[in-house]
Structure formats: C-alpha cells, structure tokens
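Numbering (this note's numbering), first residue to last: 10 to 348. Here a beta-carbon is modelled for each residue, glycine too, at the ideal position from N, C-alpha and C. From a predicted model like this one, the values you see are computed outputs, not experimental measurements. To start, the structure under review is shown below, and the notes come after it.
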Amino acid sequence: MKFLNKLIRLKWLQHTVFWLLSVYAIGSYFSIAIAIFAFIDYFYAILFHIPLVVLVYVNLRLLVPKFLQKGKYLLYVLFVVADIALAYLVHEFTFEILLPVLPTEFYMVSFTEWQVLVNIFVIYLVLTTLLKLSKSWYALQQVEKKKVELELKSLKMQINPHFLFNSLNSIYAMALVKSDKTAASVLELSNLLRYMIYEVGDKRVSLEKEVEIIQGYLGLQRLRSDASTEVSFKIEGDLKGKMIAPLLFFPLIENSFKHGVKGVSDSAFVHMYLKCSNDQVDFSIVNNKGEIDDMEAGKFGGIGLQNVSSRLALIYPKKHTFKMEDEQDKFTVNLTIKL
Numbered sequence: 010m011k012f013l014n015k016l017i018r019l020k021w022l023q024h025t026v027f028w029l030l031s032v033y034a035i036g037s038y039f040s041i042a043i044a045i046f047a048f049i050d051y052f053y054a055i056l057f058h059i060p061l062v063v064l065v066y067v068n069l070r071l072l073v074p075k076f077l078q079k080g081k082y083l084l085y086v087l088f089v090v091a092d093i094a095l096a097y098l099v100h101e102f103t104f105e106i107l108l109p110v111l112p113t114e115f116y117m118v119s120f121t122e123w124q125v126l127v128n129i130f131v132i133y134l135v136l137t138t139l140l141k142l143s144k145s146w147y148a149l150q151q152v153e154k155k156k157v158e159l160e161l162k163s164l165k166m167q168i169n170p171h172f173l174f175n176s177l178n179s180i181y182a183m184a185l186v187k188s189d190k191t192a193a194s195v196l197e198l199s200n201l202l203r204y205m206i207y208e209v210g211d212k213r214v215s216l217e218k219e220v221e222i223i224q225g226y227l228g229l230q231r232l233r234s235d236a237s238t239e240v241s242f243k244i245e246g247d248l249k250g251k252m253i254a255p256l257l258f259f260p261l262i263e264n265s266f267k268h269g270v271k272g273v274s275d276s277a278f279v280h281m282y283l284k285c286s287n288d289q290v291d292f293s294i295v296n297n298k299g300e301i302d303d304m305e306a307g308k309f310g311g312i313g314l315q316n317v318s319s320r321l322a323l324i325y326p327k328k329h330t331f332k333m334e335d336e337q338d339k340f341t342v343n344l345t346i347k348l
C-alpha cells in the first residue's frame with residue numbers, strides 16, 4: 010500500500026496518465042476510421058497534442074506561478090490570450106509545415122475550425138489550471154496541518170520547571186519529617202507528569218480525566234502554598250462523555266497560583282469554577298495579586314496565558330471566548346468553550 014501511495018504521488022506518472030487519457034479522448038473525438046483504435050486516429054491525436062502540450066505547460070510552469078498565484082489577474086488573462094494564440098500557431102505549423110515532411114502515408118489536414126480549436130484550448134487551460142491549484146491547495150493544507158500539529162505538541166509539552174522544583178522541595182521536606190503524605194505526594198506528581206508527557210497525545214481527552222488531574226495538581230500546589238491560602242474548585246454539571254483539548258486549564262491555574270500564593274497570608278486565594286452544560290464548558294478562576302519571585306518572573310515563568318490564547322485560536326476557532334480582567338487586587342479569567 011505504501012508503495013502504491015508513493016507511485017500515485019509521482020508527478021511524471023500523473024502527467025503521463027493524463028496525456029494518455031487525453032490522446033484517447035481526442036482520438037475518439039476526431040475518429041474518421043471505422044475500426045476501433047485505428048492507428049490513423051491516434052496518429053492524428055498525437056499530432057493534435059503538440060500545441061496542447063505547449064499551451065498547458067506554458068500556463069502551468071510560467072503563467073500560473075508568475076501571475077495567477079501572485080494575484081496578478083489582469084496580466085494572467087492577457088498572457089493566457091497570448092498563450093492561446095501561440096498554441097494556435099503551433100497547431101497550424103504542425104499540420105501545414107511539419108506533417109508534410111514526415112515520412113507517413115497518411116494525408117492529413119487540420120480540419121478543425123478555429124472556434125472549435127479555441128474552445129478545446131480553453132477547456133484544457135481551465136482543467137489543468139484547476140488541477141494545479143487543487144494540488145497546490147492540498148499541499149498547503151498538509152503543510153498547515155503539520156505546522157499546527159507541531160505547534161500544539163510544543164505548547165502541550167511545556168511544563169513549568171519552577172512548579173516541579175517547588176513540588177519536589179515540598180515532598181523532600183515532608184520526607185525529612187517522615188510525613189505520611191510523602192508517598193501519596195510522590196504518586197500524585199508521578200501521575201501528573203505521566204499524564205502531561207504520555208497521555209495528552211490525542212487531540213481530545215475525557216473532561217473527567219482532565220478534572221481528575223487538575224485536582225491532583227491542586228493537591229501538589231497546596232504543598233507549596235501557605236497554610237492560610239484559600240484554594241477552592243467548584244464543579245457543576247455532568248462531565249461524563251465530554252471531550253476536550255488537553256491541558257487547556259493548567260496554564261490558567263498555574264498563573265493564578267503564581268500570583269495568588271505570593272500575597273499577604275490573610276488575603277491569598279485561588280477560587281476556581283467549572284460548569285458543564287450540554288455542549289458548552291465554562292471555566293473561571295479568580296486569584297489575588299501578590300508579588301512574584303525572580304524565577305517565576307524570569308525565563309522559567311511557565312507557558313502562561315499566551316499559550317492558552319494560541320491553543321484556543323488553533324483548536325476552537327470562533328467557538329470560544331477568553332476574557333481576562335486585571336483589577337487592582339485580583340485577577341480574573343473567564344473561558345467558555347463550545348465542544
């Protein structure tokens with residue numbers, strides 16, 4: 010099957026098949042013999058294709074890339090007219106000058122009226138131009154698809170190193186005092202990393218699974234937060250059967266903790282709300298605004314809100330709303346997605 014697919018993609022094979030079919034069609038159209046597949050008909054068809062080949066390849070190799078694909082439509086039309094005129098001259102040359110000097114017993118003349126000939130030329134120009142443009146469009150779509158896939162993969166696989174460092178430090182601190190939560194915390198971090206690295210390759214994941222991982226993530230974030238930091242996550246609606254792009258909410262949550270846990274102890278908070286109804290998911294998050302340490306503010310600042318905005322534009326074009334409110338003492342994000 011792979012060999013067949015590669016064979017079909019060969020340009021020379023595509024062109025050969027096209028011209029063989031064309032010779033058969035023209036030979037049948039201009040047939041003057043009683044016998045089927047008479048040599049005289051296809052000898053005439055081959056000669057008839059000399060101007061057609063000139064017409065088509067001048068258009069495909071020169072006019073389409075130089076003018077049509079660059080939006081120079083008036084110049085393209087003018088040169089197409091010149092191309093048709095050139096093809097007509099080649100046609101006359103073939104039958105009036107070239108044919109008489111060929112060593113053949115057939116006597117042939119160009120008995121096609123010029124109006125019919127021009128119509129055939131126009132048909133070939135339109136047909137081959139559409140084929141050319143459709144192939145170019147398909148190739149462009151494949152390139153864009155690969156580009157989007159690579160970009161999404163890159164965006165999904167980014168993890169905030171500072172979160173990992175803090176989580177490991179918190180677990181290490183628990184291990185020193187032999188806390189009963191140490192093993193569970195290691196397992197939770199392991200589950201989170203496994204999910205982020207290995208389980209988000211699909212374009213869509215279960216919303217239930219995503220929420221489960223978020224809850225585990227919140228547990229790890231609580232380890233590095235001050236005991237007075239308020240963290241809440243309210244969920245409404247039925248999550249079963251709902252599919253969503255993976256890791257859309259994580260940068261938002263990470264950003265909220267980056268700001269919320271650095272505030273004054275009696276005012277640090279991160280409040281989240283997720284509602285699922287029919288084919289829509291609403292997610293909001295509110296956090297206080299506090300100081301950010303040097304590592305968070307620098308190059309280890311995580312994937313951030315721009316990541317979410319970019320992924321939403323790629324995955325849910327015209328099917329989402331993403332709003333941020335930056336107030337004096339708090340920051341709010343509201344995200345709505347049509348599934």
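Within 10 Å of its beta-carbon, does K187 have 16 or more other beta-carbons around it, so buried, or fewer, so exposed? For this step, residue 187 is matched to residue 178 along the sequence shown. K187 should be labelled exposed.
For V273, collect the residues of the same chain with a Cβ closer than 6 Å to its Cβ; drop the 5 residues on either side in sequence, then sort them by chain order. For this step, residue 273 is matched to residue 264 along the sequence shown. Caution applies to V273, whose pLDDT of 46 falls short of 50 and renders its modelled position unreliable; the value that the coordinates give is listed next. Cβ-Cβ distances below 6 Å link V273 to nothing in the same chain once the five nearest sequence neighbours on each side are left out.
Is the region 77–90 touching the region 45–62 in the sense that three or more CB pairs, one from each, lie closer than 8 Å? In short, these stretches do not touch, since the Cβ pair count stays below three.
Can you tell me the Cβ-Cβ gap for V73 and T25, rounded? I've got them flagged as a contact below 8 Å. As a position in the sequence shown, residue 73 is number 64, starting the count at 1. As a position in the sequence shown, residue 25 is number 16, starting the count at 1. With 8 Å as the limit, V73 and T25 do not qualify as a contact, their Cβ atoms being about 20 Å apart.
What separation, rounded to the nearest whole angstrom, lies between the Cα atoms of S179 and M252? Position 170 of the sequence shown, counted from the start, is the residue given in the question as residue 179. Position 243 of the sequence shown, counted from the start, is the residue given in the question as residue 252. Straight across, the Cα-Cα distance linking S179 with M252 is about 33 Å.
Here's a check: name, in chain order, each residue in its chain whose Cβ is nearer than 6 Å to the Cβ of E336, leaving out the five neighbours to either side. For the purposes of this step, residue 336 is taken as the residue at position 327 of the sequence shown. Closer than 6 Å at the Cβ level, and outside the excluded window around E336, lies no residue.
How many Å lie between F331 and M205 at the Cα? Walking along the sequence shown from the start, residue 331 turns up at place 322. Walking along the sequence shown from the start, residue 205 turns up at place 196. Straight-line Cα distance between these residues: approximately 23 Å.
Beta-carbon proximity list for W123, same chain, < 8 Å, skipping 5 on both sides: On the sequence shown, residue 123 is found 114 positions in, with the first residue counted as 1. If we look at W123 and ignore the five residues flanking it on each side, its Cβ neighbours are Y97.
In the structure shown, what three-state DSSP assignment does A186 receive? For the purposes of this step, residue 186 is taken as residue 177 along the sequence shown, with counting starting at 1. Note that residue 186 is Val in the sequence shown, not Ala. In the three-state DSSP reduction, V186 falls in the coil class, being neither helix nor strand.
When V240, G225, L134 and D288 are compared against M281, the one with the closest alpha-carbon: The sequence position of residue 281 within the sequence shown is 272, counting from 1. With distances taken between Cα atoms, M281 lies closest to V240.
Classify I294 as buried or exposed, calling it buried when 16 or more other Cβ atoms lie within 10 Å of its own Cβ. Here residue 294 is taken as the residue at index 285 of the sequence shown, counted from 1. Classification for I294: buried.
For Y258, the three-state DSSP class (helix, strand or coil): For the purposes of this step, residue 258 is taken as the residue at position 249 of the sequence shown. The amino acid at residue 258 is misidentified as Tyr; the sequence shows Phe. The three-state reading of DSSP puts F258 in coil, since its state is none of H, G, I, E or B.
Which one of G299, D288, A254 and D189 has the shortest CA to CA distance from S319? To locate residue 319, count along the sequence shown from 1; it is residue 310. Taking only the C-alpha atoms, the option nearest S319 is A254.
Nearest to F258 (by Cα), restricted to the options S286, A277, G250 and Y226: For the purposes of this step, residue 258 is taken as the residue at position 249 of the sequence shown. Of the candidates S286, A277, G250 and Y226, Y226 places its Cα closest to the Cα of F258.
Identify the continuous beta strand (DSSP E) that holds L344 and give its terminal residues. As a working mapping, residue 344 is identified with position 335 in the sequence shown. Note, L344: beta strand (DSSP E), K339 to K347.
Which residue marks the beginning of the alpha helix (DSSP H) containing I244, and which one marks its end? Position 235 of the sequence shown, counted from the first residue, corresponds to residue 244. It is not in any alpha helix (DSSP H) - I244 instead sits in the beta strand (DSSP E) that spans E239 to E245.
DSSP-derived helix/strand/coil call for D335: The sequence position of residue 335 within the sequence shown is 326, counting from 1. In this structure, DSSP gives D335 an extended state, which the three-state scheme calls strand.
Are the beta-carbon atoms belonging to L229 and S176 less than 8 Å from one another? Mapped onto the sequence shown, residue 229 falls at position 220. Mapped onto the sequence shown, residue 176 falls at position 167. For L229 and S176, yes; Cβs fall inside 8 Å.
Along the beta strand (DSSP E) that carries S286, what are the first and last residues, could you check? As a working mapping, residue 286 is identified with position 277 in the sequence shown. It spans F278 to S286 - the beta strand (DSSP E) in which S286 sits, taken as one unbroken run.
Q289 lies in the beta strand (DSSP E); which residues open and close that run? Taking the first residue of the sequence shown as position 1, residue 289 is located at position 280. The continuous beta strand (DSSP E) containing Q289 extends over residues Q289 to N297.
Nearest candidate by alpha-carbon position, reference I129, set L185, V214, L314 and V65: Reading the sequence shown from its first residue, position 120 is the one you call residue 129. Shortest Cα-Cα distance from I129 to any of L185, V214, L314 and V65 involves V65.
Along the alpha helix (DSSP H) that carries T5, what are the first and last residues, could you check? With the chain represented from 10 up to 348, any question about residue 5 goes unanswered, as that position is not in the structure.
Nearest-angstrom Cα separation, counted from A94 out to Y53: Walking along the sequence shown from the start, residue 53 turns up at place 44. Walking along the sequence shown from the start, residue 94 turns up at place 85. Each residue's Cα considered, the two are about 21 Å apart.
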